[in-house]
Each structure stands twice: as C-alpha cells, then as structure tokens.
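Numbered as in this note's numbering, the sequence shown ends at 265 without a single skipped number.
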Amino acid sequence: MDVIHKIGRRKTAVARAYVAPGKGNITINKKDLANYFTTATLQYKVKQPLVLTNNDANFDITVNVYGGGITGQAEAVRLAISRAMCEVDAENRLTLKPEGLLTRDPRMVERKKFGQKKARKKFQFSKR
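Listed below in structure tokens is the structure:
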C-alpha cells in the first residue's frame, strides 16, 4: 500500500492528510499531535476515526492544516483521516458513517451586513 492523500474541511480550515503504513505516529504541521492540539478534547477528535476502526497503531499520518481556528482545524483533520480510513478498507465506512464522521459540516460564518452592527445584530434605535 502506498501513501493515501485525502482532504478535510471545516469552516475555513483545510486539512490535507497523508496516511502511510507505520507505527501510529501523527504529525500535524511538522509538530507532534500533543504539541499542536494541546487539549485532550481536540486530541480525542483527531484520533476518533482511528480508534473506532482499530487502526490507531497501524498507520503513520502526516497532516498539513491551515485556516480557521484550532477546533475547526481539529475537525478538518478528523474528516480527512476518516476519508482515508474508508479508502484503506471499505468496511470502515460502516463504522464511521453512523458516527457522522464522513459528513462535511456545511455551516459557515454569516457575513456582516452594511448598516448593521454584526450579521444579525442591529444598531440600537433611539427616539430622541
């Protein structure tokens, strides 16, 4: 098996995951997973597709991620890894699909409109 390349997106974050056979090392932007995503919640999100498919020690994963915030980046990485796990073995799809890990979340930030304070919030009206 050669290297599998998949892309995941969330909000404005884009992650490119390169999955190759290995010992379970995850490198994100040339940093270790624990150094890049410091909280346990974000580390869990990234590892979730590997744990569910029992592949957490079978593959070395290198990820390039940019854009968005830290949570959006973690979820983009999760989608990219999930897509790669489906290409590794079609049976993994049956495990990941019910968990919602193969769905690209379409929600984006709504733009600010002119004449308003924010996207939905208006300036206060005064009768003076």
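Cβ atoms here follow ideal geometry from the backbone N, Cα and C, with glycine treated the same way.
Residue i burial status per 10 Å Cβ neighbour count (16 or more: buried)
{"i": "Gln261", "result": "exposed"}
{"i": "Arg265", "result": "exposed"}
{"i": "Met222", "result": "buried"}
{"i": "Gly205", "result": "buried"}
{"i": "Gln253", "result": "exposed"}
Backbone secondary structure at residue i - three-state DSSP
{"i": "Arg230", "result": "helix"}
{"i": "Val225", "result": "helix"}
{"i": "Ala211", "result": "helix"}
Given residue i as reference, the closest of the options once Cα atoms are compared
{"i": "Ala213", "options": "Pro158, Lys250 and Phe174", "result": "Phe174"}
{"i": "Ala152", "options": "Lys249, Val200, Leu239 and Asp226", "result": "Val200"}
{"i": "Thr178", "options": "Arg215, Gly161, Ile198 and Ala194", "result": "Arg215"}
{"i": "Tyr155", "options": "Ser219, Thr240 and Asn191", "result": "Ser219"}
Do three or more CB pairs link the region 244–251 to the region 176–185 at distances below 8 Å?
-> no
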